[in-house]
Amino acid sequence: MDFPEVDREAAILKARVPGIDAALALQVARFVRDVRREDLRKVPGVAESLDFAAALTGIGLKDLRHDPESVYDLLITLLKTHEDRCALPREVVSRLLEQVA
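First residue of the sequence shown? That's 2 in the working numbering, and the numbers climb one at a time after it.
See the structure below:
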């Protein structure tokens with residue numbers, strides 16, 4: 002399945018997630034792109050990306066790197082299976098967050 006390029010997905014997030022700022026939209030798009038590269042049973046689509054971005058915006062997060070614990074906790078909105086959530090332990094999430102700058 003083809004997913005939108007990072008810039009396109011960030012634009013979708015900005016258009017569909019009320020209150021998200023451009024920097025966070027771009028970080029989320031980059032993070033989700035990298036999550037999609039992991040060995041997952043159900044790769045998150047744009048709908049899950051929107052859910053994840055809305056949850057992050059809802060808690061007032063402006064930068065994914067500032068609150069890795071909340072990012073990890075909110076993966077439930079991005080990863081729909083228990084197996085996929087187990088496939089992304091905190092260490093993997095931390096590695097992925099280092100790449101979103």
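Glycine residues also receive a C-beta, built at the ideal position from the N, C-alpha and C atoms.
- With a 10 Å radius around the Cβ and a threshold of 16 neighbouring Cβ atoms, S50 comes out buried.
- Per DSSP, reduced to three states, the secondary structure at I60 is coil, with no helix or strand assignment.
- The shortest CA-to-CA distance from T78 to any of A23, V44, H67, D8 is the one to V44.
- Collapsing the DSSP output to three states places Q28 in a helix.
- Contact check between the segment 74–90 and the segment 15–28: fewer than three CB pairs, one atom from each, fall below 8 Å, which does not count as touching.
- Within a 10 Å sphere around the beta-carbon of I21 sit 16 or more other beta-carbons, which makes this residue buried.
- V29 is positioned such that its CB atom lies closer than 7 Å to that of A54.
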